[in-house]
Structures are given as C-alpha cells and as structure tokens.
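Protein chains: 2
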Amino acid sequence: MYKENNLSKNQQIIFDLINKSSEPLKAYTILFNVQKKGIKAPPQVYRALDKLVETGKIHKIESKNAFVACRNSGCEISKATAFSICESCEMVDEINDAKLTKYLTSFSDKKGTKYKRFNLEFFGLCKKCK
Amino acid sequence: MYKENNLSKNQQIIFDLINKSSEPLKAYTILFNVQKKGIKAPPQVYRALDKLVETGKIHKIESKNAFVACRNSGCEISKATAFSICESCEMVDEINDAKLTKYLTSFSDKKGTKYKRFNLEFFGLCKKCK
DNA sequence: ACATATATGTAATAATATAACATTTATAAG
DNA sequence: CTTATAAATGTTATATTATTACATATATGT
Numbered sequence: 004m005y006k007e008n009n010l011s012k013n014q015q016i017i018f019d020l021i022n023k024s025s026e027p028l029k030a031y032t033i034l035f036n037v038q039k040k041g042i043k044a045p046p047q048v049y050r051a052l053d054k055l056v057e058t059g060k061i062h063k064i065e066s067k068n069a070f071v072a073c074r075n076s077g078c079e080i081s082k083a084t085a086f087s088i089c090e091s092c093e094m095v096d097e098i099n100d101a102k103l104t105k106y107l108t109s110f111s112d113k114k115g116t117k118y119k120r121f122n123l124e125f126f127g128l129c130k131k132c133k
Numbered sequence: 004m005y006k007e008n009n010l011s012k013n014q015q016i017i018f019d020l021i022n023k024s025s026e027p028l029k030a031y032t033i034l035f036n037v038q039k040k041g042i043k044a045p046p047q048v049y050r051a052l053d054k055l056v057e058t059g060k061i062h063k064i065e066s067k068n069a070f071v072a073c074r075n076s077g078c079e080i081s082k083a084t085a086f087s088i089c090e091s092c093e094m095v096d097e098i099n100d101a102k103l104t105k106y107l108t109s110f111s112d113k114k115g116t117k118y119k120r121f122n123l124e125f126f127g128l129c130k131k132c133k
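Now the structure itself:
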C-alpha cells in the first residue's frame, strides 16, 4: 500500500494555507497563521516550504520572498516557471504558456549553453490596476 | 556645467567594488569590504545599491540576494534583464540577446497583457562545471 | 522488528533589509 | 552670491527573512 497524499502534516497545513490565498504569502505571515495549528517556529515553516518548492506544489516569487501555490497541473516538479506581477496591487499570476516554455528551454546563449531550469518574472499593471 | 560622472562618493565606491568582482556580491560582503573607506552602516550600502539598481549600473540577482555590475552597455536604465546562473560554481553571467529581449517584451499573456519589465534567471551548469 | 529515511519540535542565532532622524553636500533659480 | 530645494550621508536602532544545531518522533521498506 502506498500513500495517495504524499504531504506530511505540516506540509499539508502550510500548502492548504498558501493554496487558499489569493496572494503570495511570506514565511512569517504563514507562521503567524498556522500557530493555532501547532506550528510554532520558523524552521517548521521553512522546512515545509522547502519541500513544497522541491516537489513543485508551490513556487517562490523571488522578487517578493513570498510563496504561491502552483496553478499549473503540468509542473509536478517545476523547473520552468513564469509569473506576472502587478507593480501596483502586488497581485501575482502564474503564466502557463507552452510556447514560452518551449522558447526558453530551447534558448541557447552565446556559448551555446541551454538551460532546463529558469524563473521568469514579468512586471507591469494588471487589468484591474490599468 | 553638468557632471560627467553622475555617481556620488558612496555610490562610486560600491559600484567600483561590484564592477571589479567576478562574482555577485551580497550587501554585507560589500559592507565589510568598504568599511575601510568609511562606509560603516547597512543603510549606506543599501541606499547606494538602490540608486545603482535604479539607474541600471548594477542588477540584483534575486535568487541570490546579490548584485552584479551591468555588462550591457545598452541598458542604462534596465528593465529587461536575463542571467545565466551556474548551479555548481554560482557564477553569474548577464545575457544580452536582442532576440530574447524582443521576444519577451512582445510576449502577451492570456489576458493580452504585455510587460515592459522582466527579470529572467536561467539555471544550469557553466562550461567549466560541465 | 529492525534499519533507515523523513519529518517534527525547540532554542538560539545568522543574514538580509528598513525606519527614523539629524546633518551635510550638490544643484538650480533668483 | 545666496537662498531654496533636492540628493546624499551618518548613525542608532530595529524589523524581517532564514539557518544551525540537536533531540525526538513518525513513516517506510526489508
């Protein structure tokens, strides 16, 4: 018998919180929100976040030090991520565009090197803020 | 009369250090290295870094919280940045590829939104580490 | 039921970044 | 030149983000 749900207790609690959120959550915001569930210290949060990132359930928005749930069913272990970030309301949307992914994974630099893994962050105004 | 060199004293000291470095420098590494020049406290470093980023003289590598000098003479005020980052030796190279920039600045998401500003970080192995 | 890997709990601390406020220096306009 | 204004600096304190280290517990495979 094998597990259907491969998330541990803390991982599940933290994933649920991020997954319900409409905006990226920061580690200490997460901590404050899960203390009632018994997760009391930063390492517990960071370990769960690390694992969730590693398995592609969530992504880190590097420019904001914040985390969003993966909205792209295709990237179980995600190496190729793209996001649009509103400079006004801070909203973040994951971009799932096969052509873009293909273009970037097949991109080759001046030395002829190709890259399987990338992170792309677009900045602009979302529809609401325009 | 107008200034040839538009950098202030602290900005110049910090830019010179970053510009000479073969690898990305972190804010506190910079701080330790400029203390002998009279820059003693974090805010002095962060303010200079902010200004240098704003004017495109340096870029922040978001995934590393570190800074590199701009190697792209074209981006005085840089909004469209791309880097290759070696996962082994941590080396970072700025990518200056007109076609890539054009592709990304003309990219339009599912809602039809285009983005003038972006930051792209590629991860892989550099030639030395392969 | 044993070995091993994975996850948890906890305290302390390291690393990264900003707030607030006083002062000084540069720049532009009268 | 001198006055107003913006930009930069110096300094102390503190906020925010992240990791180390170590003890314990739970899950997984043989």
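Protein sequences, first through last, are from chains A and B. First residue of the first sequence: 4, per my numbering; consecutive thereafter. First residue of the second sequence: 4, per my numbering; consecutive thereafter. Yeah, the Cβ is synthetic: ideal placement off N, Cα and C, and Gly gets one too. The structure displayed is predicted, hence computed values, not measured ones.
In the DSSP assignment, residue 110 of chain B forms no beta bridge with any residue. Taking a C-beta cut-off of 8 Å against chain A, the contacting residues of the segment 91-115 of chain B are 96, 98, 100, 103, 106, 107, 110, 112, 113, 114, listed in chain order. Annotation: the continuous alpha helix (DSSP H) that includes residue 12 of chain A extends over 12-23. Exposed is the label assigned to residue 68 of chain B, since fewer than 16 other Cβ atoms lie within 10 Å of its Cβ. Counting C-beta pairs with one atom in each stretch, the segment 100-115 of chain A and the segment 55-74 of chain A have fewer than three that are closer than 8 Å, which means they do not touch. Counting C-beta atoms within 10 angstroms of its own C-beta, residue 35 of chain B has fewer than 16 neighbours from the protein chains shown and is therefore classed as exposed. Only 65, 66 from the segment 46-75 of chain B bring a Cβ to less than 8 Å from some Cβ of chain A.
Secondary-structure assignment with DSSP links residue 120 of chain B through a beta bridge to A:126. Beyond the five residues adjoining it in sequence on each side, residue 126 of chain A comes within less than 7 Å, by CB distance, of 88, 90 in the same chain, given in chain order.
Take the alpha-carbon of residue 54 of chain A and the one of residue 84 of chain A: they are about 17 Å apart.
Around residue 73 of chain A, the same chain offers 59, 60, 61, 62, 81, 97 as residues with beta carbons nearer than 8 Å, after the five sequence neighbours per side are excluded. When C-alpha distances from residue 130 of chain B are compared across B:95, B:16, B:19, the shortest belongs to B:95. Only residues of its own chain outside the window of five on either side were considered, and among them 72 have a CB closer than 6 Å to the CB of residue 22 of chain B, listed in chain order.
Among the residues of chain A, none has a CB under 7 Å from the CB of residue 18 of chain B; the nearest is roughly 22 Å distant. Closest in C-alpha terms to residue 37 of chain A, from the list A:25, A:26, A:13, comes A:13. DSSP lists no bridge partner for residue 35 of chain A. Interface residue (Cβ-Cβ distance to chain A less than 8 Å): residue 118 of chain B is classified as such.
Taking CB atoms only, residue 26 of chain A has no neighbour in chain B less than 8 Å away. Between residue 33 of chain B and residue 56 of chain B the beta-carbon gap is near 13 Å, outside 8 Å, which marks them as no contact.
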